[in-house]
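Structure first, commentary second.
In the numbering used here, the protein residues as written are 345 to 791.
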């Protein structure tokens, strides 16, 4: 079976995986009558097919497909297929691990999370062997360092991320508030605005939406709460388990009070797109999300177009604002049958022009430093300039310190936090149990 035919089958399997593993599924719809499958056009013998496994949150998939078409326009002998993978990070990782276990050549380029290079490096080529040394100096050094394992550049930076607070400028003006600087201020403002809007007839209005489902997004949110209250980063860079402390307990207990008050009960099942749907529909005063939501919020069909802004996330009583470092990279599979061409595709997609397109059209933060001074980029996403320090000083998850066990560490963490948010336990009990679980996973000492 040639690669393009196999890929069409794979796309169906990925869709099935996403439906089975995804959360917050919509109500069941009547089954549609099967339609006759269109024949798959086979590539000619002199064509090379490169498959890129990519994300589809917001405009990601569309922008990646645009870049793929641009590459094909310049390279007529290459067909670039873009594979839509699950939105949730752990679901996507699970799919990737199946490919790696099989040493599959069907995917050539992988979009990987900033926390994965250390755990997955054995499956990727060294991009320094394929010309990356000519461009790597253009990117943020910290991200390049993150993607370098024992001197090997296992992924080229593609876009970076940090958590932001989205707020309704019109509503803050209406209720005479400045953007909140502390979590306590946010809760007070959210409650006041929520009650006021409901009193005026919008019973669907909520104060604050965020990512509370049991997945990697909750790790990002909860790390921001804890780090902003001087509660550490779960595991310290030198390998000590630090999560069980009073400042961390305080913030997780505080977040639990938001559920069912300023945030809907269903927030504990929300991922990024769930929160954005409420926000962009005009039914929330505040939202925690990544930068990608900015450009979508300014589209013509958005209820909040020209009625919102972004700021750093609030601080706890004992600390400073903190934003979790996010972002995605492009890695080339060592099992690819065409690693040279795959690497060329990856470097093209991460190039200045492609990152500029993604920044302007999708408000995806570039990893190329010069783009933060580009007039077109700053016009499309002004906060790239005003919040530059947020992106360059974001808090890293303990993926390096806990490698190769980060996935297990994060899973234990977000499950513990989720139990508190759902009212199954309190933060003190949950974190006491969590530190013992983390000790079992990592073998590290408890601080």
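Cβ coordinates follow ideal geometry from the N, Cα and C atoms, glycine included.
Per DSSP, reduced to three states, the secondary structure at residue 667 is coil, with no helix or strand assignment.
When DSSP states are grouped into helix, strand and coil, residue 678 belongs to the coil group. In the DSSP assignment, residue 633 falls outside any alpha helix (DSSP H) and lies within the beta strand (DSSP E) extending over 628-633. In the three-state scheme derived from DSSP, where H, G and I count as helix and E and B as strand, residue 455 is classed as strand. Your pair residue 572 and residue 657 checks out as a contact, with CB atoms roughly 7 Å apart and the cut at 8 Å.
Within its own chain, the residues whose Cβ lies closer than 8 Å to the Cβ of residue 568, once the five positions on either side in sequence are excluded, are 507, 632, 657, 666, 667, 668, 739, listed in chain order.
Beta-bridge partners assigned by DSSP to residue 672: 457, 503. Residue 534 is not a Cβ neighbour of residue 446, given a cutoff of 7 Å. Pairing residue 742 with residue 577 gives a Cβ-Cβ distance under 7 Å.
The continuous stretches of beta strand (DSSP E) do not include residue 440, which lies in the alpha helix (DSSP H) extending over residues 433-445. A contact is defined here as three or more CB-CB pairs under 8 Å, and the stretch 689-701 meets this definition with respect to the stretch 405-423. Looking only at 401, 423, 560, 539, the smallest Cα-Cα distance to residue 688 is reached by 423. Annotated as distal: residue 671 and residue 452, with beta-carbon spacing of 7 Å or more. Assignment of residue 395 by DSSP, reduced to helix, strand and coil, places it in the strand class.
By the C-beta density criterion, residue 685 is buried, having at least 16 other C-beta atoms within 10 angstroms. Segment contact: the stretch 492-499 against the stretch 458-466, three or more CB-CB distances shorter than 8 Å; contact assigned. DSSP assignment within the stretch 572-647 yields the following whole beta strand (DSSP E) runs of 3 residues or more, N-terminal first: 628-633. Apart from sequence neighbours up to five positions away, the residues of its chain that approach residue 457 with a beta-carbon distance below 7 Å are 433, 672, ordered along the chain. DSSP places residue 708 in the coil class of the three-state scheme, outside both helix and strand. Judged by DSSP secondary structure, residue 472 falls outside any beta strand (DSSP E); it is assigned neither H nor E.
In its chain, beyond the 5 residues on either side, 407, 503, 708 have a beta carbon closer than 7 Å to the beta carbon of residue 702.
With respect to the 7 Å criterion, residue 728 and residue 716 are classified as neighbours on the basis of their beta carbons. Straight-line measurement puts the Cα of residue 661 at about 33 Å from the Cα of residue 402. Sequence-distant partners of residue 746 (beyond 5 residues in either direction) whose C-beta falls short of 6 Å from its own C-beta, in its chain, are 579, 753, 786. Rounded to the nearest whole angstrom, the C-alpha separation of residue 574 and residue 676 is 38 Å.
Assigned with DSSP and collapsed to three states, residue 542 falls in helix. The C-beta distance from residue 614 to residue 557 rounds to 6 Å, short enough to meet the 8 Å contact threshold. Remark: C-beta atoms of residue 550 and residue 619 do not approach each other more closely than 7 Å. Remark: C-beta atoms of residue 397 and residue 454 approach each other more closely than 7 Å. Residue state for residue 512 is assigned as strand, using DSSP reduced to three classes. At a Cβ-Cβ threshold of 7 Å, residue 711 and residue 521 do not count as neighbours. Residue environment: residue 599 is assigned as buried (16 or more neighbouring CB atoms within 10 Å of its CB, all protein chains considered). Residue 596 sits away from residue 531, with the two beta carbons spaced by 7 Å or more. When DSSP reads this structure, residue 483 sits in a beta bridge with 712. Annotation for residue 774: 596, 760, 761, 763, 764 place their beta carbon closer than 8 Å to its own, counting only its chain and skipping 5 residues before and after.
Ranked by how close their Cα comes to the Cα of residue 625, the residues 608, 649, 603 have 649 in first place.
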